[in-house]
Every structure is written in C-alpha cells, then in structure tokens.
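One structure below.
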Amino acid sequence: MLLHGKNVLLTTPEYPPHQLGGIATLSKTIVDALEAEGCTVTIFVWRKPQEVNQAIKNFQGHLIHAHYWPSLWIASKDKKRSINIIHGAELLTYSKNPLIHFIKKRTKKYSNRALEQACANIFISQFSLDKAEQLGMKINYSRDILFPNRIDLTDVKMTKASSLKDSDEIKLCCFARDVPHKNIQGTIYFSELLADISKKKVSLRLGPGQYRSTKIEINCEVVKNEQRDQIYKDSHFNCIFSLDQSHIGNVEGFGLTPLEAAKHSTPSIGFASGGLTESIHEQKTGWILKSINRDSVEKWYREAMIHYDDIAANCFKHTINNHSSSDYANLFLGLWS
Amino acid sequence: MKVCAVFNTDQLGGAERSFINSLADLPDYAKVSIWIPKLKDPERLEQTILSLLPKAHVMRFKLNGFYYRSSRTSKFSKPLLLLSFIFALWRIKGFPLKDTDILWLNGNKVGALFTVLCMLRNWKGSIWWHLRDYFPASSLLKRLIDRKTPFEKHFIANSFSVMDDFKQQYPWQKHLHVLYNSPPQVAINASEAREFKGSIGIASMLTPWKGQHDILWMAYRQEEKLVELGIREIILYGDDIYLTNRQHQNYKAALEKIASKFSQIKIVFAGLKPLSEIYSSLDILIHSSIKREPFGRVIVEAMANGLPVLSTGLGGAGELVNNERAFCYEPAHDHMFIEALESAILDISNPVRRKKAIQFVNDLQKQIKQQYSDLIGSYIL
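Chains as they are written, first to last, in my numbering: chain U, 3 to 339; chain G, 512 to 892.
Following this line, the structure appears as structure tokens:
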C-alpha cells in the first residue's frame, strides 16, 4: 500500500453515476487507484468552481483537481498543495458570448499564473501541454508533467478480436456526445464509404441521437455503462473522428475511448486531431486518417485487412502494459514525496 | 568547382559535425572556403573543422546574436525578426561571393540571409540550402523561396521525413535532395560481448523537445525497477548551445530539480564533452526526442560505437531505428521504456541487435555515398 495514510480531496465537475463523460471516468479511475493503495479519498463535485473553497476550508491533506478551474478561486496556499489535471479544451478562451470571450482572453494570464503556482500540473497529452504554452503559460518541466490517461484494467483478459476477414459484417462503434466537434456525421460518412468499398454489411453503434443512413445500419439506443464493454468486444473498430475546433473551444485532449476499446482488443481509427495521435499510435495500436474520402478509406481498408489481427493484439498488449490505472499510485507518490 | 560553405552557428552540434563530414567528402577538384558566424565562441567548432580538414581555409564573419534570439520571442516576433534580419544583412553586405559556384548554407538562418544577399547582388550560381530541421511555416520564408532568382536553389534535406514535410509546403520546388548525415566509421567488433556497468545517458542539447525531462520523470517513477536492472547512473551530456529564448530558459534548472528527487540513481550533468568520452562512458544511449527529429545523428554515432540505442523514433529518427536494430519506446510510456531498457541490457552481453545496427551503419554509408553522388551529379548537369 504505497499511499497508506494519505488524505486526499479530489474535486471534479463530473462523477458517475450522475454525470458521465471523460472527466467523470478519469475522476473515478483516479479515486479507485488511490483507494486501492490505501489513500482516504474525499470527492467533491462542484457546479461552480468557487464552491471548492468551502470544501477545502478545513481540509488537511492533498488536493487533486480533475478540472483546473477551482485553482483560479482558491487561496495561494491551497494552490501550492494542488495538483491539476489538464485535459486541453478547458484551457481555451472561446465563449459564444462575446463579452465572456473578451473577459476570458483578457484574464488568461491570471489563469496561467494560477497553474504556475500549483504543486504539479498533469497534462494528459503533449498536445495539451503545447496548447498551454501557446496560450502563454510558462512551462516548468519539474512541475508540468506529461502523463497520458490510464484506465481500470482490473481482471481484464485477452479476448480474441472479432475476425475481420471471415466476417460478413463490419461492426463499428463510436461513443461520443452528439456535439459538432465529435463529428458523428463524419463517422457515419466513413461507415457508408466502408460499406461501399468492402461490399460488406456495416453496422455502427452510436450514443443516443437522431441519425439515419440508407447504406448502413445505425443503432443509437441508450447504452448503459455495463453494456459498453460488450459492445466494444463485439466491434471490429472503435471510431473517433473528433475535429480540432480550438477556435470555438472544442478539441480532443487525448481520447479515452481508444483505451476502452483496446481493453477488448478492438483497435481504433481516428483523425490527426488534438491529442488523438497520442491515444492511437498509427499502425501500432490503430490507424490515423488525414481525411475521410474514398481514396483514404480504400487505402486504409486494404491495410486493415492485412494487419488487423496484429494491430488488434498490439492495442490490447500496449494498453495493458502502459495504461493501467495502477500507475497513478507511483505518479502521485512521486509528486507528494 | 568553388564551394563557399557557411555554417549556421558557431557552436558544435550534430548539424555542424555532419556538415564537416560532408565537406570532407567533396570531390578533390572542389575548392572550399569555410565561413563561421562569429556569435559566441567559435573556437571549438573551428578546431574540429581543422582537425578533419587541415587544409581548409576557415574564416569568420560578424553576425548579431539577436537575429537568432528574435525568432523565438513571443511578442512582436515578426517586426523584431525583420529588424534583426535587416541588421544581419547589413553586417554581411561585403561578403565575398565572386567566383563562387556553390553557396552551401547549413541551416535556415544563414539560408534566408544569404538568399536575400544573393538576390540583392544579382549573383549567378547555385545555392544549396541545407535543411537541418523541419521547415517552418512562415509567410516571409514562403515569399523568399517562391521568388524567381538568377541563381538555382537546391534544397537538401537530412532525411526523407524532412523532405516530405518540405514538399508539402512547396510541392512545385524542383531541386529537392536527401543527404543523410554521414556516420563515423565503425570501430568496434560487432560480436564482442560487453559488460553492463550501469550507465545510461542522453547526448544532446538541453532543450525541452529533446525530452531529457521525460526520461528523468519516467526513471524517477520507476526508480526501483531501474535499480533492479542494475542502473546506477543517468548521464546527461550537452548544454543549451544555441542562442535561444522561451522554451529553453530555466530548462536545466527544472531538470536539476527533477534530478534532486532521486534517492538511489545518480543523475550527472556532464556538459559538453568529446564524443570519445561520451561513447566510452555510456553502456546505453537514449535518444529521447519528444518531437519529430529531423535526423538523429547521435543514433548512428552510438550504433557505430556499439552502444544499444533506445529511441522514440519520431520523424527522421524513424528512418534509422526499428525493433531489429534498436529499442523503441513512446514518450511518457513508463513500461515501454523499462521493457526497452531490459532488452537493451540483455543485448549488451548477447549482441543480436548490435550486429544489425552495425550492418545498418555500414549500409548507410553506402547509401550516403550514392546520395552525395546524385547531388554532385545534379549540379554538374
């Protein structure tokens, strides 16, 4: 028990089961990992970042902020004992409201200063770290650390990937919210091209929404968390074609679904956008496409048919070896020593 | 053939060592004059040139250091850069170009500067602009490169990765060549079993994109495992040798802070040392660049000296390393890094990959000879 006796307060805007999403998943993963090593963890879910001040008022121990905004509102002494997890999009200053956008831009230096006072900032991708620097943060490599996302891999076993060559159907999945930068329409277009090129039946499992296609089968029923693992297991590919819309405040900092899918030997296909190239290692654990058009999908499909089994095995092995949440213990132990 | 070779800096780094080797390989009928910009302290570079090219005529020309620093400042970059460029141009206005057939420019700073100088002087000859790095996306540079000139512009990339990147920006440029940095001669016995003494290290300038912090953080988190593997020390060779701002400021201090956390493994900041000392002190070399490396000369140098090489294999370095002759890992992937180290340590006593690495270095030398011959051939034609 590496962290026995440590007292930690984790603050987050999302936590399962009431809220789901990347930050919720990451928050729970960190909590479970710390508790497994003997930590006592208190979770504080905030609606407004200022609320955190009340929670930390009489708290003696270490602070971890799964989203860094509370750092802007807490006292200097609390900033110094805080560890912030930086994802990417929350660094951006865009807002639909022009006045808020203006204020955010003007006050960016203050949020940078808040981060610069932290005990440590954990960036989930090099992309996010570079973005922070581009936006004026003074990076100090003894404080600002790259640590790609981890997931819970307890009791995970190698399962044989659904055979691609022998199958009459290609099964795709894409668990993403129906927001523009997640590019669900692009995913549907990709699936339709794939159906055309492969001459096989293509089915696409999406999150809840209103989607239609005459060329592929789309299933967008609500998926419970317990069902996701089975869907990943049954799928041939996980799709994540998120767009880099940094100019309007949306970008994929890392992308958790490639790790979740890889747990079941399901490789991922994505765009070279945001931090996705750090979540999917091109032709080692998945594929990165530059664009979705007939030529690129055809070229990719030919390669996938040849290398699918290897890549499926690789993505499982890579994830098991390198993205286990048990690594968080060493990370935080090192930062608190 | 009269060649005027202009160095991009007065410091001795990988790019400069490669340039010296290339100049040494020029045909005998080429008359070479060598120019070094006087910035900080050109002594070491000059001595190295003369040791390999004793008959070389080495001269210095004045250039302002601000021209190098100005491109890396965050605010007012463009106007400051233009101002420093004009001042630098004024400084070199009397540079002798008469009777020069080839102006070989070893980097972008001198590349841009001398291209404008040659345009202003209506010089007729051939510029060989050596791309030692990925070409920056700059509207100013774009206008310069696309401009019609009385002289030929040849672009020499030090890897296919750099050339492909340049081609994407300038698909209409005709004279593109690849000339790998030439490795040293192999001087060791490929089959000789060695003993692992516990020293691993990095040899490159101290700058964030070279990834020394990534290695120290991973090593710190996995210190127990590294000690079990027999690692006693991590040696960081190099310094902040280029005149730069922003990213590099306080980087060494940050590394020293990470180093102070170690309790069992010694972290040594060895500074600038001769290559012979580096490759005799280390058991394993780590090429830790976290961004695309244009080439990665240190990889082939280490291979030629029989050291196992760990590498992230990004960019041009990916043309040098694979899992048959080196040990690849991803940045910030602790377990891949440990696995690569384990395999490298085993290879020291049972040198399977070392033999393949040495074969690769020998093959690379042949490949470079052909590339060079093609380059000279293109000029003669």
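For every residue, glycine included, the Cβ atom is placed at its ideal position computed from N, Cα and C.
My parser needs the alpha helix (DSSP H) runs of 4 or more residues fully inside the region 663-695 of chain G; what are they? 671-680
Please name the residue in U:Lys-81, U:Ser-270 and U:Pro-210 whose C-alpha comes closest to that of Ile-242 of chain U. Counting from one through the first sequence, the residue named residue 242 of chain U turns up at place 240. Comparing Cα-Cα distances from Ile-242 of chain U to each of U:Lys-81, U:Ser-270 and U:Pro-210, the minimum goes to U:Ser-270.
With 16 other CB atoms within 10 Å as the buried threshold, where does Ile-186 of chain U fall? One-based indexing of the first sequence puts residue 186 of chain U at position 184. Its Cβ being crowded by 16 or more others within 10 Å, Ile-186 of chain U is buried.
Mind checking if Pro-150 of chain U is an interface residue toward chain G, Cβ cutoff 7 Å exclusive? For the purposes of this step, residue 150 of chain U is taken as residue 148 along the first sequence, with counting starting at 1. Taking Cβ atoms only, chain G reaches closer than 7 Å to Pro-150 of chain U, which makes this a yes.
Proximity winner among G:Asn-519, G:Lys-866, G:Phe-666 and G:Lys-736, relative to Pro-682 of chain G (alpha-carbon distances): Taking the first residue of the second sequence as position 1, residue 682 of chain G is located at position 171. Cα-wise, what sits closest to Pro-682 of chain G is G:Phe-666.
Between the alpha carbons of Phe-662 of chain G and Trp-640 of chain G, how many angstroms are there, rounded? The residue given as residue 662 of chain G occupies position 151 in the second sequence. The residue given as residue 640 of chain G occupies position 129 in the second sequence. Cα-Cα distance, rounded: 12 Å.
Any idea which residues DSSP pairs Lys-247 of chain U with across the strands? On the first sequence, residue 247 of chain U is found 245 positions in, with the first residue counted as 1. It is worth fixing the name first, because residue 247 of chain U is Gln in this sequence and not Lys. BP columns for Gln-247 of chain U point to U:Asn-252.
Closer than 7 Å, CB to CB, is Ser-341 of chain U near chain G or not? The structure shown does not extend to residue 341 of chain U, since chain U spans only 3 to 339, so no value can be given for it.
On a CA-only basis, which of G:Met-814, G:Ile-856 and G:Ala-828 is nearest Ala-868 of chain G? Give me that one, please. Numbered from 1 along the second sequence, position 357 holds the residue referred to as residue 868 of chain G. Distances from the alpha-carbon of Ala-868 of chain G to those of G:Met-814, G:Ile-856 and G:Ala-828 put G:Met-814 closest.
Would you call the CB atoms of Gly-276 of chain U and Glu-254 of chain U closer than 7 Å? Indexing the first sequence from 1 puts residue 276 of chain U at position 274. Indexing the first sequence from 1 puts residue 254 of chain U at position 252. Closer than 7 Å, so yes.
How many Å lie between Gln-62 of chain U and Asn-692 of chain G at the Cα? In the first sequence, residue 62 of chain U corresponds to position 60, counting from 1. In the second sequence, residue 692 of chain G corresponds to position 181, counting from 1. Rounded to the nearest angstrom, the gap between the Cα atoms of Gln-62 of chain U and Asn-692 of chain G is 57 Å.
By the criterion of Cβ-Cβ separation under 9 Å, what are the contact partners of Met-847 of chain G in chain U? Here the question's residue 847 of chain G lines up with position 336 in the second sequence. Going along chain U in sequence order, the residues near Met-847 of chain G (Cβ under 9 Å) are His-320, Asn-323 and Asn-324.
Roughly how many whole angstroms lie between the Cα atoms of Glu-219 of chain U and Ser-200 of chain U? As a working mapping, residue 219 of chain U is identified with position 217 in the first sequence. As a working mapping, residue 200 of chain U is identified with position 198 in the first sequence. Here the C-alpha atom of Glu-219 of chain U lies approximately 15 Å from the C-alpha atom of Ser-200 of chain U.
Counting only C-beta atoms, is Ile-147 of chain U closer than 7 Å to chain G at any point? Here residue 147 of chain U refers to the residue found at position 145 when the first sequence is read from its first residue. Yes, because at least one Cβ of chain G sits closer than 7 Å to the Cβ of Ile-147 of chain U.
What in chain G is Cβ-close to Ser-144 of chain U, meaning under 7 Å? One-based indexing of the first sequence puts residue 144 of chain U at position 142. By Cβ distance, chain G contributes Ala-765, Lys-768 and Ile-769.
With a 10 Å radius around its C-beta and 16 neighbouring C-beta atoms as the bar for buried, classify Gln-733 of chain G as buried or exposed. What you label residue 733 of chain G is simply residue 222 of the second sequence in a count that begins at 1. Buried, by the Cβ-count rule.
Phe-671 of chain G versus G:Gln-870, G:Pro-805 and G:Val-811, residue with shortest Cα-Cα distance: On the second sequence, position 160 is the one that residue 671 of chain G refers to. Cα-wise, what sits closest to Phe-671 of chain G is G:Pro-805.
Is there a Cβ from chain U that is less than 7 Å from the Cβ of Trp-634 of chain G? Here residue 634 of chain G refers to the residue found at position 123 of the second sequence. Cβ-Cβ to chain U under 7 Å: no for Trp-634 of chain G.
Can you pull the chain U residues whose beta carbon is under 7 Å from the beta carbon of Glu-841 of chain G, in chain order? In the second sequence, counting from the first residue as 1, residue 841 of chain G sits at position 330. Near Glu-841 of chain G (Cβ distances below 7 Å), the residues of chain U are His-283.
Kindly say whether Asn-332 of chain U, judged by its beta-carbon, lies nearer than 7 Å to any beta-carbon of chain G. As a first step, residue 332 of chain U must be located in the first sequence, where it is residue number 330. Closer than 7 Å to some Cβ of chain G, the Cβ of Asn-332 of chain U qualifies, so yes.
Gly-288 of chain U: buried (16+ other C-beta within 10 angstroms of its C-beta) or exposed? Taking the first residue of the first sequence as 1, we reach residue 288 of chain U at position 286. Burial call: buried.
Using CA atoms only, rank isn't needed, just tell me which of G:Val-811, G:Ile-859 and G:Ile-769 is closest to Gly-479 of chain G. The question about residue 479 of chain G has no answer, for chain G in this structure spans 512 to 892.
Cβ-Cβ distance between Ser-29 of chain U and Thr-44 of chain U below 7 Å: On the first sequence, position 27 is the one that residue 29 of chain U refers to. On the first sequence, position 42 is the one that residue 44 of chain U refers to. No, these two residues do not count as a Cβ contact at 7 Å.
Taking the straight line between their C-alpha atoms, what separation do you get for Pro-565 of chain G and Phe-256 of chain U? In the second sequence, counting from the first residue as 1, residue 565 of chain G sits at position 54. In the first sequence, counting from the first residue as 1, residue 256 of chain U sits at position 254. Each residue's Cα considered, the two are about 53 Å apart.
So, for Leu-561 of chain G: in the same chain, excluding its five sequence neighbours on each side, which residues have a beta-carbon less than 8 Å away from its beta-carbon? Start at 1 with the first residue of the second sequence, and residue 561 of chain G comes out as number 50. Same-chain partners within the cutoff: Ala-567 and Val-569.
Along the region 719-730 of chain G, where does the CB come closer than 9 Å to a CB of chain U? Name the residues. Pro-719, Gln-723, His-724, Asp-725, Leu-727 and Trp-728
Candidates U:Thr-321, U:Leu-335, U:Gly-336 and U:Ser-339: which alpha carbon is nearest Pro-150 of chain U's? By one-based count along the first sequence, residue 150 of chain U stands at place 148. Pro-150 of chain U has its Cα closest to that of U:Thr-321, out of U:Thr-321, U:Leu-335, U:Gly-336 and U:Ser-339.
With distances taken between CB atoms, is the gap from Val-689 of chain G to Ala-668 of chain G smaller than 7 Å? Counted from its first residue, the second sequence places residue 689 of chain G at position 178. Counted from its first residue, the second sequence places residue 668 of chain G at position 157. Going by C-beta atoms, Val-689 of chain G is nearer than 7 Å to Ala-668 of chain G.
Taking 7 Å as the threshold (C-beta atoms), are Ser-800 of chain G and Leu-825 of chain G in contact? What you label residue 825 of chain G is simply residue 314 of the second sequence in a count that begins at 1. What you label residue 800 of chain G is simply residue 289 of the second sequence in a count that begins at 1. Yes; because the gap between Cβ atoms is below 7 Å, this pair is in contact.
So with Cβ pairs under 7 Å, would you call His-844 of chain G a contact of chain U? Translated into positions along the second sequence, residue 844 of chain G becomes position 333. Taking Cβ atoms only, chain U reaches closer than 7 Å to His-844 of chain G, which makes this a yes.
Chain G contact for Gly-257 of chain U (CB, 7 Å cutoff): Looking up residue 257 of chain U in the first sequence gives position 255. Not one chain G Cβ lies under 7 Å of Gly-257 of chain U.
Quick one: what does DSSP say Phe-773 of chain G is sitting in, helix, strand or coil? Within the second sequence, residue 773 of chain G is the residue found at index 262, counting from 1. Three-state DSSP puts Phe-773 of chain G in coil, outside helix and strand.
Residues bridged to Ser-822 of chain G [DSSP beta-bridge criterion]: Within the second sequence, numbered from 1, the residue matching residue 822 of chain G stands at position 311. Answer is G:His-798 and G:Cys-839.
By DSSP, does Leu-614 of chain G sit in helix, in strand, or in coil? Taking the second sequence and counting its residues from 1, one reaches residue 614 of chain G at position 103. Reduced to three states, the DSSP call for Leu-614 of chain G is strand.
Partner residues on chain U for Leu-645 of chain G, Cβ-Cβ distance less than 8 Å: As a first step, residue 645 of chain G must be located in the second sequence, where it is residue number 134. One detail in the question is off: residue 645 of chain G reads as Tyr in this sequence, not Leu. Result: empty, since nearest Cβ-Cβ is about 15 Å, beyond 8 Å.
Can you tell me the Cα-Cα spacing of His-325 of chain U and Leu-593 of chain G, whole angstroms? Along the first sequence, one-based indexing puts residue 325 of chain U at 323. Along the second sequence, one-based indexing puts residue 593 of chain G at 82. If I take the Cα positions, the gap works out to 47 Å.
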